[in-house]
Amino acid sequence: EDRGPRGFWNPRNDARKGVSATLGVSFGLGRRAGGRGRGENGAPPDLPPPQPPITISGNAADVVQTALESLGTPYTWGGTAENGFDCSGLIQYAYGQHGIRLPRMSRDQARAGAEVTPLIDALRPGDILLFSARPGAGVTHIGMYVGELKFIHSSTRGVKLSRLDPQDPEGGYWLDRWVGARRIIP
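Numbering-wise, our numbering comes out as the position in the sequence shown, counting from 1, plus 3.
In structure tokens:
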């Protein structure tokens, strides 16, 4: 987890209602869901220089912050509360704490909100990421994008941050299984 001076998630209070957050964003533009994450010769693709930070405010920042406060919570199959979450329970809880009701099951959450173009550069913090264990299996896992190629989810190791980064072995695993995204807060 990058909590250094670049501050991947730095909430701050300001004069506007709600919370604003500055996210440092750097990722490969044009990366599509479900790809292999490697160039033709197997080398990592060239990534463009980091982009300037973007600012989100209001409910999306609040929802992401609520999810981040759950880091380290144990995995519990069917769990929907702070004593344990499964993947869809975490997403339902984070949105629910801000008055946004989502279905309980990941397959149903995969139909909530608006479809997001399956490109990393189209993602915004708070978007729901959809994953499939194998092609044609439907949505089998779900997480929430938090920025800087990172997403929060409840895995068998508990609530954690993972990456959608082709240069990271775990990130490649998730990129290969990423099948789509949904936006709950426009």
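Note that beta-carbon positions come from the ideal geometry of N, C-alpha and C, so glycine has one too. These numbers were taken from a predicted model, which means no experiment stands behind them.
- Under the DSSP assignment, residue 73 falls outside any beta strand (DSSP E); it carries neither an H nor an E label.
- Excluding its 5 nearest sequence neighbours in each direction, residue 108 has C-beta neighbours in its own chain below 7 Å: 91, listed in chain order.
- Per DSSP, reduced to three states, the secondary structure at residue 152 is coil, with no helix or strand assignment.
- Per DSSP, residue 175 is one residue of the alpha helix (DSSP H) stretching across 172-180.
- Judged by pairs of C-beta atoms under 8 Å, the region 157-170 does not touch the region 95-102, as fewer than three such pairs exist.
- Excluding sequence positions up to five before and after residue 89, its CB lies within less than 7 Å of the CB of 78, 79, 80, 81, 82, 157, all in the same chain and listed in chain order.
- Apart from the 5 residues on each side of it in sequence, residue 110 sits with its Cβ closer than 7 Å to the Cβ of 141, 142 in its chain, given in chain order.
- A direct Cα-to-Cα measurement between residue 123 and residue 136 gives close to 19 Å.
- If you draw a 10 Å sphere on the C-beta of residue 166, you find 16 or more other C-beta atoms in it, and that means buried.
- In this structure, the alpha-carbon of residue 93 lies about 15 Å from that of residue 134.
- The Cβ atoms of residue 63 and residue 114 do not sit closer than 9 Å to each other.
- As a beta-bridge residue in DSSP terms, residue 147 pairs with 131, 155.
- Between residue 66 and residue 98, the C-beta gap is smaller than 9 Å, which places the two residues in contact.
- Nearest Cα to residue 184 within the set 87, 75, 76, 129: 129.
- Secondary structure of residue 137 (DSSP, three-state): coil.
- For residue 110, the enclosing alpha helix (DSSP H) begins and ends at 109-112.
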